[in-house]
Amino acid sequence: MHNEDPNAVFTGLLLHWHENNPRPMPWKETLDPYRIWISEVILQQTRVHQGWDYYLAFIKKFPDNKTLAQSSLADVLKAWEGLGYYTRARNLHKAAKKIEDELGGKFPQLYKQILSLPGIGPYTAAAVASFAFNLPNAVVDGNVIRVLSRYFGLDGNGDVGILKKEISEKADKLIQLSPSSAFNQAIMNFGALQCIPHKPDCTKCQMNKACFAFNHMRTNDLPPKKKKILRKNRFFIYCLIHHKKGIFIEQRTNRDIWQHLYQLPCFETDENWSTDNLPVFLKEKMSKVSLSEKIFHQTLTHQNIFARIIVLHTDEPLETKTDTLRYSEPNNLHKFAFPKLVLNILQQQAII
DNA sequence: AATTCGGGGAA
DNA sequence: TTCCCAGAATT
Numbered sequence: 000m001h002n003e004d005p006n007a008v009f010t011g012l013l014l015h016w017h018e019n020n021p022r023p024m025p026w027k028e029t030l031d032p033y034r035i036w037i038s039e040v041i042l043q044q045t046r047v048h049q050g051w052d053y054y055l056a057f058i059k060k061f062p063d064n065k066t067l068a069q070s071s072l073a074d075v076l077k078a079w080e081g082l083g084y085y086t087r088a089r090n091l092h093k094a095a096k097k098i099e100d101e102l103g104g105k106f107p108q109l110y111k112q113i114l115s116l117p118g119i120g121p122y123t124a125a126a127v128a129s130f131a132f133n134l135p136n137a138v139v140d141g142n143v144i145r146v147l148s149r150y151f152g153l154d155g156n157g158d159v160g161i162l163k164k165e166i167s168e169k170a171d172k173l174i175q176l177s178p179s180s181a182f183n184q185a186i187m188n189f190g191a192l193q194c195i196p197h198k199p200d201c202t203k204c205q206m207n208k209a210c211f212a213f214n215h216m217r218t219n220d221l222p223p224k225k226k227k228i229l230r231k232n233r234f235f236i237y238c239l240i241h242h243k244k245g246i247f248i249e250q251r252t253n254r255d256i257w258q259h260l261y262q263l264p265c266f267e268t269d270e271n272w273s274t275d276n277l278p279v280f281l282k283e284k285m286s287k288v289s290l291s292e293k294i295f296h297q298t299l300t301h302q303n304i305f306a307r308i309i310v311l312h313t314d315e316p317l318e319t320k321t322d323t324l325r326y327s328e329p330n331n332l333h334k335f336a337f338p339k340l341v342l343n344i345l346q347q348q349a350i351i
């Protein structure tokens, strides 16, 4: 008997592909919603390879929700150091405390309740709901958008909002036809391994027969391309102030990148590296010290950060006008979370 | 609806 | 270089 329902054909082929293409990951070995939640947050906009070791270290340090809730935010941020999108770590901590304080320490088991936790959006809520509780909520991530856009020829008329809605509705239909956990795993793996963004090998694809993009030579323009983002150049002067046995660090608090992380005292300047706006106590020393020749660099999604450093030694008492500035001896620096750029500087300067 | 949050891997 | 990654929150 032939089953010609396109949706059923798709899921049948997909699950068959999945059986022949296992992709083991540490977080797939558990049904613990806490661990699944942690893994999914780590994987937000983050490749599996990049998140792998962070996940293992994170659940080793914070093995359950109660441990996470009772830990300090500083410790959580430290575990996140280098991973990026640090709001994830702060929301993780906030949600853990909410679960302990308001939900009796029990991870919520309904999609809407999961969705209401800070840092959990539609994707992560569906992932936890399906993987931990076998609920029929379809995940919609970059993989799913790409796979369904190509296979069913969905483009949202070029509008990303409409496209996402179309994909979501299609995924909700499809997931009814199979075990939800297997479907979600399968479609993401398929997108990551076979239906890849650039030049997928469609001739070898087991699902090409009814694939719209393959049959219409549209794999290159489905899904529609995101519009390019332009990067802004920024120029930081970091001050490495050796004071007695330690150095000074400060916490970033502005509505800006790297919020709540630490850095060397920093002064932003222009493309000419003007030192006109440096504080007086530094200007007075500029006759003896100077900007480093070396320029450190870090590319972010919307910004290009360039940094040079000023190194100075002083044992004079220093006025610390802000409560974000603190003094640390080298042995204590491991307690603070730094952005990658600052880590590179500290390493290059043999501080850590 | 558009922007802004990191950092890295692959081509 | 460019694209985009098991997205979410804010504007």
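First residue of the first sequence? That's 0 in numbering that gives the first Met the number 0, and the numbers climb one at a time after it.
Idealized CB from N, CA, C, for every residue including glycine.
*In angstroms with no decimal places, state the Cα-to-Cα distance between L42 and I236.*
32 angstroms
*Measure the CB-CB distance between I166 and V138 and report whether it falls below 8 angstroms.*
no
*Using alpha carbons as the reference points, say which of H242, Y261, K225 lies closest to D158.*
K225
*Distance, E39 Cα to A185 Cα*: 16 angstroms
*asked:* In whole angstroms, give me the CA-to-CA distance for G50 and P316.
replied: 43 angstroms
*asked:* In the DSSP output, what is K231 paired with across the bridge?
replied: Q302
*asked:* Under DSSP, the beta strand (DSSP E) around S327 begins and ends at which residues?
replied: 324 to 327
*With 16 other CB atoms within 10 Å as the buried threshold, where does N183 fall?*
buried
*Are F211 and G152 touching if we call contact CB-CB under 8 angstroms?*
yes
*asked:* Under DSSP, the beta strand (DSSP E) around F247 begins and ends at which residues?
replied: 245 to 250
*Compute the Euclidean distance between the alpha carbons of T300 and R230, then round it to the nearest angstrom.*
7 angstroms
*asked:* In the DSSP assignment, the alpha helix (DSSP H) including T66 goes from what residue to what residue?
replied: 64 to 69
*Does the pairing of the stretch 237 to 249 with the stretch 322 to 333 give three or more beta-carbon distances under 8 angstroms?*
yes
*Taking DSSP as the reference, what is the three-state secondary structure of P54?*
First, the residue type needs correcting, since residue 54 is Tyr and not Pro in the sequence shown. Helix.
*For I350, which three-state DSSP category applies?*
coil
*Could you check how far apart the C-beta atoms of H92 and L72 are, in whole angstroms? I think they sit under 8 angstroms.*
5 angstroms
*Straight-line Cα distance separating F266 from I294*: 15 angstroms
*Can you have a look at T161 and say buried or exposed, based on whether 16 or more other CB atoms are within 10 angstroms of its CB?*
According to the sequence shown, residue 161 is Ile rather than Thr. Exposed, because fewer than 16 other Cβ atoms sit within 10 Å of the Cβ of I161.
*Pairing CB atoms from the stretch 264 to 279 with CB atoms from the stretch 188 to 203, are three or more of them under 8 angstroms?*
no
*Short Cβ contact (8 angstroms threshold) for L13 with F189*: yes
*asked:* Could you check whether T323 and Q250 sit closer than 8 angstroms to each other, using their CB atoms as the reference points?
replied: yes
*List the residues that DSSP assigns as beta-bridge partners of Y237.*
C265, I308
*Is the beta carbon of K169 sitting closer than 8 angstroms to the one on L147?*
yes
*Same chain only: Cβ atoms within 6 angstroms of L345, ignoring 5 sequence neighbours per side*: I351
*Secondary structure at Q184, three-state DSSP: helix, strand or coil?*
helix
*Tell me T45's beta-bridge partners as DSSP assigns them.*
DSSP output for T45 lists no bridge partner at all.
*Please determine, among Y85, M24, P264, P32, the residue with the shortest C-alpha to C-alpha distance to D257.*
For the sequence presented, residue 257 should be read as Trp rather than Asp. Taking only the C-alpha atoms, the option nearest W257 is Y85.
*L109: buried (16+ other C-beta within 10 angstroms of its C-beta) or exposed?*
exposed
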